[in-house]
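Protein chains in written order, with the working numbering: chain A, 18 to 210; chain B, 7 to 223.
A short worksheet on the structure shown next.
In structure tokens, the structure reads:
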């Protein structure tokens, strides 16, 4: 139980996927202009992460390892994620149109979000159990949402700031992200993995 | 025709530089550029995957049904990514260790899928090759440049050669995650500034040329 809590806190704060491990930077810069969209993107990504984490764990342990095919890992993981995103999209469209309207536009973007594939590969590397993988995915998704929402909050304020012309847009966002990353480094001694 | 081929090649090096102008493929850019040599290694891996997959996609572009083109592209890219992963693990284990997770993640690098979707699936193989090579070289110089800055600031070396006196304080922060964001932010800003200045100069020349003609007339 403690180890599960450690995995969760570690993924949210200490090894934050966006600010410490540099995974999922594209949506972090692209979809962080408004708080609402940032939260929507964060939730959609968390959802896909948990599902794909569990699916890749099953495939790895029941298909790839028993049949000696670990070299197909990258190929099969990306296929699983891509098809899973498609299924989730169709499922949501049919069953809960409200949720689909909120998350729908983000779903296709998630296929090429390296945080999702990175999570699956990392969980395999650490040889987590199924439960640990799911907790790790929840933590990672939470950390991603946290970083995205914090960034969106800052950028909403920055709309009114007087920024040098050359740094407008991406430049200042990256420097802001650097400051946030600096703040997150304060968590690095929180737990030792 | 010749000029347009030159243009396909050169656009990736500056005007449409994937990392510094279009801001795609940021994750490996930030993660692996702790030293110039790592940036170069990552850049060369990206060139390999980008060129091979672009040419293959361009060759079979007329056989891929439009509805399933993206999964097809991803499969082709994943195949070459697996190849480079195995080659690096076998021949360059040290580099493979440093780049780690980011080798398999070339699969989801938006630069490669972006070129496949925007260029390779609409153009003949030769042009796709030129385009991919230009973009790949753009990525490589970008990664090596950022890696070199971080290495100089953080360790005082470039490609392992000491260039700053060892007595000088090295700023470890540049090797840590925040340094990656700062460096990239400043390089992107500098590139924008250069483009603004060049744009202004060009307008000035156009205007003074027009003025000169008016006087002569």
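C-beta atoms are modelled at their ideal positions from N, C-alpha and C, and glycine is treated no differently.
Beta-carbon contacts of residue 83 (chain B) that lie in its chain and below 6 Å, excluding the five residues immediately before and after: Cβ neighbours of residue 83 (chain B) beyond the five flanking positions: 59, 113 and 118.
So residue 62 (chain A) packs on residue 161 (chain A), CB below 8 Å; how close in whole Å? Rounded, the Cβ-Cβ distance is 6 Å, consistent with contact.
If you follow the alpha helix (DSSP H) that residue 104 (chain A) is part of, which residue opens it and which one closes it? 90-112
Residue 70 (chain A) and residue 151 (chain A) closer than 8 Å at C-beta: yes
Residues that residue 202 (chain B) contacts on chain A, provided the C-beta gap is smaller than 8 Å: 182 and 183
Residues of chain B with CB under 7 Å from residue 198 (chain A), in chain order? Within 7 Å Cβ-Cβ: 183, 184 and 187.
Could you check whether residue 191 (chain B) and residue 170 (chain A) sit closer than 8 Å to each other, using their CB atoms as the reference points? no
Between which two residues does the alpha helix (DSSP H) containing residue 28 (chain A) stretch? Careful: residue 28 (chain A) lies outside any alpha helix (DSSP H) and carries neither H nor E.
For residue 195 (chain A), go through chain B and note every residue whose CB falls closer than 9 Å to its CB, in chain order. 183, 184, 185, 186, 187, 188, 189, 190 and 191
Contained alpha helix (DSSP H) runs [length at least 4] in the segment 117-195 of chain B, N- to C-terminal order: 131-161
Distance, Cα to Cα, residue 27 (chain B) vs residue 147 (chain B)? 13 Å
Output the distance between the C-alpha atoms of residue 28 (chain A) and residue 156 (chain A), rounded to the nearest integer angstrom. Answer to the nearest angstrom: the Cα atoms are 5 Å apart.
Tell me which residues share the same chain as residue 25 (chain A) and place their Cβ nearer than 6 Å to its Cβ, disregarding the 5 neighbours each side in the sequence. 152 and 156
Would you identify the three-state DSSP class for residue 79 (chain A), choosing helix, strand or coil? helix
Measure the C-alpha to C-alpha separation of residue 131 (chain A) and residue 88 (chain B) and round it to an integer number of angstroms. 16 Å
Measuring only the C-alpha atoms, how far is residue 180 (chain A) from residue 189 (chain A)? 8 Å
Answer with yes or no whether the minimum CB distance from residue 203 (chain A) to chain B is below 8 Å. For residue 203 (chain A), the answer is no, since every Cβ of chain B falls outside 8 Å of its Cβ.
Is DSSP giving residue 102 (chain B) helix, strand or coil here? helix
Under 8 Å, Cβ to Cβ, is there at least one residue of chain A near residue 55 (chain B)? no
Got a sec: is the Cβ-Cβ distance from residue 170 (chain B) to anything in chain A below 8 Å? no
Taking Cβ-Cβ distances below 9 Å as the criterion, which residues of the segment 40-69 of chain A are in contact with chain B? Answer set for the segment 40-69 of chain A: 40, 41, 42, 43, 45, 46 and 47.
Can you find at least 3 beta carbon pairs, one from the segment 90-109 of chain A and one from the segment 63-82 of chain B, that sit closer than 8 Å? yes
Cutoff 8 Å: residue 37 (chain A) Cβ touching any chain B Cβ: yes
Near residue 148 (chain A), what residues of its chain come up, given a Cβ to Cβ distance below 8 Å and the 5 sequence neighbours on each side ignored? 21
For the segment 88-99 of chain A, which residues have a CB atom closer than 7 Å to at least one CB atom of chain B, in sequence order? Taking 7 Å as the upper bound on Cβ-Cβ separation, chain B lies near residues 88, 91, 92, 95 and 99 of the segment 88-99 of chain A.
Kindly indicate which three-state DSSP category residue 46 (chain A) falls into: helix, strand or coil? helix
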